[in-house]
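K.L.:
Pasting a structure below so you can have a look.
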Amino acid sequence: MQTSERTVAEQREEWEQLTLLPFAERRPESRATFRTLGGVALERVYTPEHIEDVDYGRDTGFPGAFPYTRGPYPTMYRAQPWTMRQIAGFGTADDTNGRFRYLIAQGQTGISTDFDMPTLMGYDSDDPRSEGEVGREGVAVDSVDDMHDLYRGIDLERISVSMTINPSAWILFAMYLVVADERGFDRAKLSGTIQNDIIKEYVAQKEWVYPPRPAMRIVRDTITYSAQHLPRYNPVNVSGYHTREAGSTTIQEVAFTLAAGIAYVEEVVRAGIDVDDFAPRLSFFFVSQIDFLEEVAKFRAARRVWARVMKERFGARKPESMRLRFHCQTAGVSCTAREPLNNIARTAIEALAAVLGGAQSLHTNGYDEALSIPSEAAMKIALRTQQIIADETGVAGTIDPLGGSYAVEALTRAIERGCFDYFAEIERRGGVIRCIEDNFFQLELADAAYDLHRRKEAGERHVVGVTKYRDDSPNPAVDLHHVDEAAAHRQLERLRATRARRDGGAVHRALDELVRVAQTDENIMPATLDAVKARATGGEIVAALRPVFGSYVETPVF
Amino acid sequence: MIAHRVQRDLARAISAVENGHTDVRGALAQFAALGHAQRNGARADVIGITGPPGAGKSTLVDRLIEGFRANGETVAVIAVDPSSPFTHGAVLGDRVRMQRHAGDRGVFIRSMASRTAGGGLAPATRDAVRLADAAGFDVVIVETVGVGQVELEIVAVADVIVVVTVPALGDSVQTIKAGLTEIADMFVVNMADRPGANATALDLKHMVREGAREIPVLQTVAQDGTGLPALLDALAAKRGAGDSNAVRAVRFEVVRRARDAAVRAALAALDSDDASAVLDGLRDHTISRNDAVDALLAILGGPAHAH
Amino acid sequence: MPIKVLVAKPGLDGHDRGAKIVARALRDAGMEVVYTGLHQTPEMIVNAAIQEDVDVVGVSILSGAHMTVFPKIMDLLHEREVDDIVVVAGGVIQENDVPKLRALGVREVFNAEASTQDLIEGIERIVAAHGRDAARRAAQA
């Protein structure tokens, strides 16, 4: 790029005096400050002045090379597009299996499973607390028999399987492995992900069973077990999605998520495992929100920060340990119940930000996101949105095309700084777990959420069709996912059948052994696999360990 | 066990007093007329829990409920949270920590906003305690606001006062020194699994040694129940020791009323014409601040202030 | 006297962002808000409403189980003879369920797009019209 002899600052001052001021006097700007959704004040125009502290070689570099700002791989989507991974889950295992097969037939390349609340929280379908929630917001899985039917007919060596599950993740992980074993698949070829990110549960999503410290031990055991037995599996998917959806700022989304990643690495390293033996299999999950430029910058910043943390803080040597790979989902909270088809446009823009930010896999929300779990029609359009970006727009042809944009580089830098500031503060407060126990993250998040809410109510952020251009005529009707009220009943029948078939004595012995292991520092996975194989249910396993691990009750902050 | 209907009417009687629809005598009489009054006069043991925010007071109360219930005693909890001085609204979240006992008819949990009162309690806390006593609860636990300042009002309400703190809150021991040793019947260093617990406990022990009374210093981890048996034993010992606190409570009450009367008198004196003249002089710089104070105290009739 | 509200979160889901923003906004509007915490059963919610002697129970639910939860809450309030406590609903509730909830005695259903101002005014209006201290409040006003 050519520059004239005068500095940029001199040229900018001249432009402000001669061009900007007279113009703005005639046509003033509509407001004094423009802020991103994350709350960062935007400059009127970004120039080389704003990225003077960004060094190309040191901070930006090349894709597939440290610090991975431009992407984790040197060829990115020129080799193959991101994995289009639409999440699905409702009713019984059979019901959801049908949706999976439909999506695969439409060209989807990976599958992603949403479980119902009882499964997520470790209650069986026949627990009184499960009433009304069985199979409603996701698929009900009580035992390995359900898991068999969930992935029936799907080649687990070829299709990667992602499971959105947290406090009970280790049990579902065991069920998945038992299914693979019983169907004769090679464990070395299994690829997939369990979310298994318990830290963000205490911070944002609020699905928990045990207190943070025993819960961290379980996560540690899944990571070490995976490192020893499953070379292609991602045993944890450190997630910022839920924190952001709960109202955090953009910087908080990245900072809290990477801080959680740091906590997991510390936990496993403390158990004596070399960082390069497991760090390559850590994966991440972010939202893609509607504020386009800020989101692209966020993904770039996340990669750069993680690379630096792994190299400088943990002394990782393998490049695979330093490169951050992430799944992405468009923002549920950006979708509206009013005029739901508008959500197609929102989702398309968010999906484009994820792609320009270098996502490895992507779920696009259905237009009915704010109304119910997605219908087949909504999921098809959402998948088509990704296919249009991949095959029609041409953006997959060049890597990190927004790299070098003054605005994007400056925002990337600002988010990076914000992360390291938070890391220092967390350290000062005694680390991530201590910060959870002391409600630090929760208070930061509550303040950010309330602030965002007030900015919206004050009219700083608009929602088209809701707070602006509102049309009060009846909402256009869309066909929604039909909740099959009989599914819960079918699930109870399935559970009864499993309990009737199994050897009760074997279940008892396996649970006793699991309780014994839990009281030691042995890895919890082998005993869990034995219990699952004996057809112990998720609820039984969780309940058996409650006396050992305790229960978590939060201190709510506002 | 306390019947559902008694619980409901107790709750409504507390509201009636809290909202000024009746005084505590009226509420007690109404309670008796409904046939709910189990007894007259103070019989329940009243335990006050105070200490800085974040010390885990609510979790500790949850454990105490568990302990008393295991012993067959019924428990009422009055948990006070601060009201906003600006909007007068409040968010009351203490009962979240005690939700294990939500379905137990032997337990009654009531949150109270502090409203206009200072000192860690709400204006109606004391009346609420009397009503819970009349309803037949064996133990009444009062959890104070815990906003940091010394909350002495609890003395007038509780028979036994537990001051809760945590390790390594910097100068927490210093803060405590500023007054709580006067009122504490025991100290609890909660979250004792954290670094610095022993040092904090030791500091407290040295501190209480200077006083005249025997004040136990205990360590607990309310989260998992560690140290609770010792705390329950210490409470049982204090509860069995009789009503020594009555003297302290009455002394406190007399001092408080005298202080309130003095404040009212001072405010009235400051509104007098003589006082206005002095204050005008202060504005016009014809009198120094010290002289103004002396002149105003003279108007009040008190002795001139010695500097 | 301030309006006292119980903000209740039934069900197994942890979506408490809305409930907490509502709690904070009602506080800022001068109300006294008791928050139950997550994962409450109908029994726990009704017990809290009685012991706290609230004017209003606001139930925030996003798990889709509202047609299971609300009948139980309304039955329990009736059984314990506290029908005079006003119940309102918020969260993700499909439009065709709104009449069913009203038929159960739920006074108002606030959807996710209701502003906090709508909510504050709605609660004030309902308490003035149907709250158990309506007469006393009217006399005070």
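Chains as they are written, first to last, in the working numbering: chain A, 1 to 558; chain B, 1001 to 1307; chain C, 2001 to 2141.
Quick reminder that beta carbons are idealized off the backbone N, C-alpha and C, glycines included.
Remember, predicted model here, so these are calculated numbers, not experimental data.
1. Roughly how far, in whole angstroms, is the beta-carbon of Val1075/B from the beta-carbon of Gly1106/B, given that I think they are within contact range, below 8 Å?
2. Can a CB atom of chain B be found closer than 8 Å to the CB of Asp2053/C?
3. If you drop the 5 nearest sequence neighbours on each side, which residues of the same chain put their C-beta closer than 6 Å to that of Trp15/A?
4. Within 10 angstroms of its Cβ, does Pro63/A collect 16 or more other Cβ (buried), or is it exposed?
5. Could you work out which residues of chain B lie near Gly431/A, taking near to mean beta carbons separated by less than 8 Å?
6. Near Asp1094/B, which residues of its chain fall below 7 Å by C-beta distance, leaving aside the five closest residues on each side in sequence?
7. On the premise that Asn1190/B lies in contact with Ala1055/B, defined as a C-beta separation below 8 Å, what is that separation, rounded to the nearest angstrom?
8. Please report the residue range of the alpha helix (DSSP H) in which Ala527/A lies.
9. Which runs of the alpha helix (DSSP H) fall wholly inside the stretch 133-219 of chain A and span at least 4 residues, in chain order?
10. So, under 8 Å CB-CB, Leu190/A and Tyr233/A are touching, yes? Tell me the CB distance rounded to an integer number of Å.
11. Which whole-angstrom value describes the C-beta separation of Ala2023/C and Ile2120/C, a residue pair presumed to lie in contact below a C-beta threshold of 8 Å?
12. Helix or strand or just coil, what does DSSP make of Phe100/A?
13. Can you tell me whether DSSP reads Asn237/A as helix, strand or coil?
14. Kindly say whether Gln1219/B, judged by its beta-carbon, lies nearer than 8 Å to any beta-carbon of chain A.
15. Under DSSP, the beta strand (DSSP E) around Thr330/A begins and ends at which residues?
16. Can you name the residues that DSSP bridges to Tyr2035/C?
17. Mind listing, in chain order, the continuous alpha helix (DSSP H) runs of no fewer than 4 residues lying wholly within the stretch 2011-2064 of chain C?
18. With DSSP as the reference, label Val286/A as helix, strand or coil.
19. Under 8 Å between beta-carbons, which chain B residues line up against Thr2036/C? List them in chain order, please.
20. Pick out whichever of Ala407/A, Glu350/A, Glu29/A and Arg323/A has its Cα sitting closest to the Cα of Val333/A.
21. I need the DSSP call for Val468/A, collapsed to helix, strand or coil.
22. Where does the unbroken alpha helix (DSSP H) through Ile1065/B begin, and where does it stop?
23. Run through DSSP, which three-state label would Leu1034/B get?
24. For a minimum of 3 consecutive residues, which ranges assigned as the beta strand (DSSP E) are wholly contained in the stretch 247-317 of chain A?
25. What did DSSP end up calling Phe1086/B once you bin it into helix, strand or coil?
26. So who's on the other strand from Phe2110/C, going by DSSP bridges?
27. Grab me the residues of Arg35/A's own chain with a C-beta within less than 6 Å of its C-beta, minus the 5 sequence neighbours each way, in chain order.
28. What residue does the alpha helix (DSSP H) around Val1160/B start on, and which one ends it?
29. Got a sec, what are the start and stop residues for the beta strand (DSSP E) Glu1143/B sits in?
30. Around the Cβ of Tyr56/A, are there at least 16 other Cβ atoms within 10 angstroms (buried) or fewer (exposed)?
31. Can you say whether Phe326/A is buried or exposed, counting buried as having 16 or more other CB atoms within 10 angstroms of its CB?
32. For Val8/A and Glu43/A, which I take to be in contact (beta-carbon distance under 8 Å), what is that distance rounded to the nearest angstrom?
33. Can you give me the Cβ contacts of Ile517/A inside the same chain, cut-off strictly under 7 Å, excluding the 5 residues immediately before and after it?
34. For Glu2113/C and chain A, any beta-carbon pair shorter than 8 Å?
35. According to the neighbour-count rule (16 or more other Cβ atoms, all chains shown, within 10 Å of its Cβ), is Lys468/A buried or exposed?
36. Taking 8 Å as the threshold, find out whether the stretch 468-481 of chain A comes into contact with the stretch 2030-2050 of chain C through three or more Cβ pairs.
P.N.:
According to the structure data:
1. Sequence index remark: in the second sequence, residue 1075/B carries index 75 (1-based). Sequence index remark: in the second sequence, residue 1106/B carries index 106 (1-based). Confirmed, about 7 Å.
2. Here residue 2053/C is taken as the residue at index 53 of the third sequence, counted from 1. Chain B, which has a Cβ nearer than 8 Å to the Cβ of Asp2053/C, makes this yes.
3. The residue you call residue 15/A lines up with position 15 of the first sequence. For Trp15/A, where only same-chain residues beyond five positions count, there are no Cβ hits under 6 Å.
4. Sequence index remark: in the first sequence, residue 63/A carries index 63 (1-based). Classification for Pro63/A: buried.
5. Working through the first sequence from its first residue, we reach residue 431/A at position 431. Chain B residues near Gly431/A: none, gap ~12 Å exceeds 8 Å.
6. Along the second sequence, one-based indexing puts residue 1094/B at 94. Cβ neighbours of Asp1094/B beyond the five flanking positions: Ser1058, Ala1079, Asp1081, Ser1111 and Glu1143.
7. To locate residue 1055/B, count along the second sequence from 1; it is residue 55. To locate residue 1190/B, count along the second sequence from 1; it is residue 190. With a Cβ gap of about 6 Å, Ala1055/B and Asn1190/B count as contacting.
8. For the purposes of this step, residue 527/A is taken as residue 527 along the first sequence, with counting starting at 1. Segment Met525 to Lys533, the alpha helix (DSSP H) holding Ala527/A.
9. 144-150 and 169-182
10. Your numbering for residue 190/A matches position 190 in the first sequence. Your numbering for residue 233/A matches position 233 in the first sequence. Going by Cβ atoms, the distance from Leu190/A to Tyr233/A rounds to 6 Å, so yes, they are a contact pair.
11. Position 23 of the third sequence, counted from the first residue, corresponds to residue 2023/C. Position 120 of the third sequence, counted from the first residue, corresponds to residue 2120/C. That pair is no contact at about 12 Å.
12. As a first step, residue 100/A must be located in the first sequence, where it is residue number 100. Here Phe100/A sits in helix by DSSP.
13. Counting from 1 along the first sequence, the entry for residue 237/A is found at position 237. Correct three-state label for Asn237/A: strand.
14. Reading the second sequence from its first residue, position 219 is the one you call residue 1219/B. With 8 Å as the cut-off, Gln1219/B does not count as an interface residue toward chain A.
15. Within the first sequence, numbered from 1, the residue matching residue 330/A stands at position 330. Start and end: Phe326 to Thr330.
16. Residue 2035/C sits at position 35 when you count from the first residue of the third sequence. Val2007/C.
17. 2017-2028 and 2042-2052
18. Here residue 286/A refers to the residue found at position 286 when the first sequence is read from its first residue. Rather than Val, the amino acid found at residue 286/A in this sequence is Phe. Looking at Phe286/A - three-state DSSP - the assignment turns out to be strand.
19. Locating residue 2036/C in the third sequence gives position 36, counting from the first residue. Ordered by position in chain B, the residues that pass the 8 Å Cβ test against Thr2036/C are Arg1095, Val1096 and Gln1099.
20. One-based indexing of the first sequence puts residue 333/A at position 333. Of the candidates Ala407/A, Glu350/A, Glu29/A and Arg323/A, the one whose C-alpha sits nearest the C-alpha of Val333/A is Glu350/A.
21. Position 468 of the first sequence, counted from the first residue, corresponds to residue 468/A. Looking at the sequence provided, one finds Lys at residue 468/A rather than Val. The answer is strand: DSSP assigns Lys468/A an E or B state.
22. Taking the second sequence and counting its residues from 1, one reaches residue 1065/B at position 65. Its alpha helix (DSSP H) spans residues Lys1057 to Ala1070.
23. To locate residue 1034/B, count along the second sequence from 1; it is residue 34. It is coil, neither helix nor strand.
24. 282-288
25. As a first step, residue 1086/B is located in the second sequence; it is residue number 86 there, counting from the start. Reduced to three states, the DSSP call for Phe1086/B is coil.
26. On the third sequence, residue 2110/C is found 110 positions in, with the first residue counted as 1. Phe2110/C is bridged to Gly2090/C.
27. As a first step, residue 35/A must be located in the first sequence, where it is residue number 35. Excluding positions up to five away in sequence, the list reads Ala41.
28. The residue labelled residue 1160/B in the question sits at position 160 within the second sequence. Element bounds for Val1160/B: not the alpha helix (DSSP H) but the beta strand (DSSP E), Val1160 to Thr1165.
29. Along the second sequence, one-based indexing puts residue 1143/B at 143. Val1139 to Glu1143 is the extent of the beta strand (DSSP E) around Glu1143/B.
30. The count along the first sequence starts at 1 and reaches residue 56/A at position 56. Exposed.
31. For the purposes of this step, residue 326/A is taken as the residue at position 326 of the first sequence. Buried is the call here.
32. One-based indexing of the first sequence puts residue 8/A at position 8. One-based indexing of the first sequence puts residue 43/A at position 43. The Cβ separation is near 13 Å, so there is no contact.
33. Counting from 1 along the first sequence, the entry for residue 517/A is found at position 517. A quick correction: the sequence has Val, not Ile, at residue 517/A. Result list for Val517/A: Ile524 and Ala527, in chain order.
34. The residue labelled residue 2113/C in the question sits at position 113 within the third sequence. Chain A contact via Cβ: present.
35. Taking the first residue of the first sequence as position 1, residue 468/A is located at position 468. It is exposed - the Cβ of Lys468/A has fewer than 16 other Cβ atoms within 10 Å.
36. no
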